[in-house]
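Position 298 of the sequence shown, counting from 1, maps to 297 under numbering that gives the first Met the number 0, and the rest follow consecutively.
Glycine is no exception: its CB is placed at the ideal position from the N, C-alpha and C atoms.
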Amino acid sequence: MPIESSPSAPRPRVLSGIQPTADSFHLGNYLGALRQWVALQDTHDAFYCIVDLHAITMEHDPQTLRRRTRVAAAQLFAIGLDPERSTVFVQSQVPEHAELQWVLSCLTGFGEASRMTQFKDKSAKQGTSAASVGLFTYPILQAADILLYQADQVPVGEDQRQHLELTRTLAQRFNHRFGETFVAPEAYIPKATAKITDLQEPTAKMSKSSSSPQGILDLLDEPGSVRKKIMRAVTDTGTEIKADEVNKPGVTNLLRIHSALSGTSVEDLERRFEGQGYGALKKELAQIVLDTFEPIRERTAKLLADEGELDRMLMVGADRAREVARQTMGTVRDRVGFLGRD
Ligand code: AMP
Ligand code: TRP
0 MPIESSPSAP RPRVLSGIQP TADSFHLGNY LGALRQWVAL QDTHDAFYCI VDLHAITMEH
60 DPQTLRRRTR VAAAQLFAIG LDPERSTVFV QSQVPEHAEL QWVLSCLTGF GEASRMTQFK
120 DKSAKQGTSA ASVGLFTYPI LQAADILLYQ ADQVPVGEDQ RQHLELTRTL AQRFNHRFGE
180 TFVAPEAYIP KATAKITDLQ EPTAKMSKSS SSPQGILDLL DEPGSVRKKI MRAVTDTGTE
240 IKADEVNKPG VTNLLRIHSA LSGTSVEDLE RRFEGQGYGA LKKELAQIVL DTFEPIRERT
300 AKLLADEGEL DRMLMVGADR AREVARQTMG TVRDRVGFLG RD
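As structure tokens, this is what we get:
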């Protein structure tokens, strides 16, 4: 238990994770998940994990992974995670994740794992027989990440809902077989930003695996590039600025992004932009996005300039995380029937 949380009123715990598989996080990550991470550190006992074990489920280059792990960490601190209030750490520096994953994989049905849609999507892309066993067991490792910390809530985007349901199922199954051990966590998915869509293909989610970089707004994009991508965003036929997910997915996405960043409701925006063209909305939105991204980009660069200090911050996080993980794993080992270790 971190020293801040008083035993009389323990704060609920959150845990979330993000993969270091891109050179920058994008606006979907930021609005769908990361912004909530920052807010929750004020009210919760927060654990946030850069999931490099998950990142090797797809073919990877070691140098690139190391670089992206640091870039991910720098962005997390740059968006406002405070190492005093949040435990920010790298998954592979806490060996208990892989250890618990093994135990949970022995409780997961083959058919159950086969139904995970993210696995089906990702493996279909490379041909199912070429997909690794690690990609198949990916959601079980994710369950281990969450259960090790006894998290009450898990802030993520909509695409993670199925993995969280599996996590709850595994927690309950373990508890049922071996005695009350794990908290069954809840997903924390604010509706308005659960799925930010691609600027070029507004019916698909904004994703690093998208077909064109023009559809993704990266936190670390140059300002000129951010402006260009927003001004060229695909809008819909007609001229009216109105949220209508079915007939106007492009404009709806832009309104949602504006609303999430400006705090103005979508209805108020519709009223304010009445009679104006898409260009006016886009121009204002570009400025709002840049006002958010620019300070983050600057702070990220500063943090990356001192790798030694960044690595040290991550080690502090890993030490704190390990204390909790070791305790849970001790109970798990005992419940499952393994001999003691120390
Ligand atoms: P990923 O980049 O897939 O590792 O996702 C990291 C986090 O961002 C997860 O919580 C996702 O659910 C969330 N996320 C990713 N893309 C989007 C999106 N387009 N809209 C909302 N949330 C997203
Ligand atoms: N699978 C998540 C994603 O693609 C990343 C992740 C790994 C995660 N472990 C986690 C998210 C634990 C929440 C909690 O975004």
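When secondary structure is reduced to three states using DSSP, Lys247 falls in the strand class. Note on Met314: under 16 other CB atoms within 10 angstroms of its CB, so exposed under the neighbour-count rule.
For Phe46, the closest of Met57, Pro11, Leu52 and Asp22 by C-alpha to C-alpha distance is Pro11.
When the five nearest sequence neighbours on each side are left out, the beta carbons in the same chain lying within less than 7 angstroms of the beta carbon of Ala320 are those of Phe46, Thr86, Phe88 and Val93, in order along the chain. Positions of the alpha helix (DSSP H) runs, each at least 4 residues long and wholly inside the segment 15-67, are given as 34-39 and 51-54 in order along the chain. Collapsing the DSSP output to three states places Arg12 in a strand. A distance criterion of 7 angstroms places the beta-carbon of Ile49 beyond contact range of the ligand AMP, judged by its closest non-hydrogen atom.
Ranked by how close their Cα comes to the Cα of Thr116, the residues Thr136, Ala129 and Trp101 have Thr136 in first place.
Looking at the backbone, the Cα of Leu39 and that of Gln152 are separated by about 10 angstroms. In chain order, Pro19 place their CB closer than 6 angstroms to the CB of Arg67, counting only its own chain and leaving out the 5 sequence neighbours on each side. Here Thr168 carries a helix assignment [DSSP, helix/strand/coil]. For Ala129, no alpha helix (DSSP H) encloses it, and the DSSP letter there is neither H nor E. Phe173 sits in a helix when the DSSP states are folded into three classes. With at least 16 other beta carbons inside 10 angstroms of its own, Gly156 counts as buried. For Lys121, the CB stays at least 7 angstroms from every heavy atom of the ligand AMP. Per DSSP, the beta-bridge partners of Val87 are Tyr47. Here DSSP, grouped into helix, strand and coil, assigns Tyr277 to helix.
In this structure, Leu52 sits away from Ala8, with a CB-CB distance that is not shorter than 8 angstroms.
Boundaries of the beta strand (DSSP E) around Glu185: Glu185 to Tyr187. One residue list follows from the rule of a beta carbon closer than 5 angstroms to any heavy atom of the ligand AMP, given in chain order as Ile17, Gln18, Gly27, Asn28, Gly31, Ala32, Val155, Gly156, Asp158, Gln159, Lys194, Ile195, Lys204 and Met205. Closest in alpha carbon position to Asn252, among Ile229, Ala324, Gly237 and Glu273, is Ile229. For the set Glu179, Asp310, Tyr148 and Ala112, the Cα lying nearest the Cα of Val132 is the one of Ala112. Taken atom to atom, the span from the alpha-carbon of Val182 to that of Leu280 is near 45 angstroms. Boundaries of the alpha helix (DSSP H) around Val335: Glu306 to Val335.
DSSP, reduced to helix, strand and coil, places Lys241 outside both helices and strands of the structure shown, so it counts as coil.
Remark: C-beta atoms of Leu219 and Arg69 do not approach each other more closely than 8 angstroms. In the pairwise beta carbon analysis, the segment 25-35 is classified as touching the segment 192-207: at least three pairs are separated by under 8 angstroms. Checking the DSSP bridge columns, you'll see Pro154 partnered with Tyr187. Counting along the chain, Asp81 sits inside no alpha helix (DSSP H), nor does DSSP assign it H or E at all. Not one heavy atom of the ligand TRP is found less than 7 angstroms from the C-beta of Asp310. From the listed residues Met312, Arg270, Glu306 and Gln326, the smallest Cα separation to Leu80 is found for Met312.
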